[in-house]
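S.K.: In UniProt numbering, the protein residues as written are 1 to 343.
All residues carry an ideal CB built from backbone N, CA and C; glycine is no exception.
Predicted model, so just to flag it, every value in this text is computed and none were measured.
Structural data, given as structure tokens:
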């Protein structure tokens, strides 16, 4: 008996500087899914998925890698089952502002799709685009980790979390940094077809459905924060003294500032307290030792300013979603020091 299927339409929205590998990868994923569907249902006349690509202006898109692909103009827009906003190649706040300005052409489409309870999808910098168009109000979402503080500052009515690689809140799917689009595509496929089919396709494509968090990949030094000279001075001082006992009183004495002022300035700049930032520095240093040396965890704990190895393990796991041992196994350098006598 032939399978009965109604082809699901995915509208892909993209602007100039859209990440080329992602946009092409999304199209490839649709074709992979259709090919596997036809293999599983040889008597079915309908394809599982279809897609259309729309440009924010004109009828073509120049991708981040310089390639140009044809696209439909927004004047020809037709509704679909899902709307997928492609991320843009963004490397600083100015590039983000350019991307968000381009996204405003998609705002009526995204809002109409949201009101009709269509599936909205994005990832990485594209989550900023969804938020700028007003479709993430009072929703949970995730985005590229190194721009997370900028997201919180710009879109306070969206609950941002980096603990999950893909978040589904109602009809909205969002993903983390660049390659999360693989997992986002899988979740979209689950919603448009079924979980069993998505799982089987993921096996064929060697896609890890259990890549659940981007926390382990975060390096705090790359996170873009709001410029504040005092905060940057304190951060630099903590970077140079992280192994020493540091309290809020010590910081306030060192920089002749009140606790209230220091906490307020830190939260405004990087969305956290000074001592939370210190914890991140120590975790980053521990990650470096785990990646590059054979030092026992107990020695690493001492080096980064802690005495209780058990407490630090809990702290480390909370920040990375991995135990120190698991982190070392996953991220160790192949040419790391072979002896622990580098102390």
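So for residue 328, helix, strand or coil by DSSP?
M.R.: If DSSP states are grouped into helix, strand and coil, residue 328 belongs with the helices.
S.K.: Buried or exposed: which applies to residue 155, given that a residue is buried once 16 or more other Cβ atoms fall within 10 Å of its Cβ?
M.R.: By the 10 Å Cβ count, residue 155 comes out buried.
S.K.: Any heavy atom of the ligand MN inside 7 Å of the beta-carbon of residue 273?
M.R.: As for the ligand MN, it is missing from this structure, which has no ligand bound.
S.K.: Compare the beta carbon distance of residue 204 and residue 121 with 8 Å and say whether it is the shorter of the two.
M.R.: For residue 204 and residue 121, no; Cβs fall outside 8 Å.
S.K.: Have a look at 96, 13, 41 and flag the residue whose alpha-carbon is nearest the alpha-carbon of residue 83.
M.R.: Looking at the Cα atoms, 13 is the closest of the given residues.
S.K.: Give me, in chain order, the residues of the same chain whose beta-carbon lies closer than 7 Å to that of residue 342; leave out the 5 immediate sequence neighbours on both sides.
M.R.: With a pLDDT of 42 at residue 342, under the threshold of 50, the predicted position of this residue should be treated as unreliable, and no value is reported.
S.K.: Quick check on residue 70: does DSSP put it in helix, strand or coil?
M.R.: Here residue 70 sits in strand by DSSP.
S.K.: Could you check if residue 289 is buried or exposed, using at least 16 other CB atoms within 10 Å of its CB as the buried criterion?
M.R.: Residue 289 is buried by the Cβ-count criterion.
S.K.: Secondary structure at residue 360, three-state DSSP: helix, strand or coil?
M.R.: What the structure shows of the chain is the stretch from 1 to 343, and residue 360 is not part of that stretch, so it cannot be assessed.
S.K.: Output yes or no for whether 8 Å exceeds the beta carbon distance between residue 133 and residue 107.
M.R.: Yes, these two residues count as a Cβ contact at 8 Å.
S.K.: Can you tell me which of 233, 69, 147 puts its alpha carbon nearest to the alpha carbon of residue 93?
M.R.: The candidate whose alpha carbon is nearest that of residue 93 is 147.
S.K.: Is residue 117 helix, strand or coil by DSSP?
M.R.: Coil at residue 117, not helix or strand.
S.K.: Apart from the five residues on each side of it in sequence, which residues of its chain come closer than 8 Å, Cβ to Cβ, to residue 34?
M.R.: 47, 48, 49.
S.K.: Cutting at 7 Å between CB atoms, please list the residues of its own chain near residue 140, excluding the five before and the five after it.
M.R.: So the list reads 159, 161, 167, 169, once near-sequence residues are dropped.
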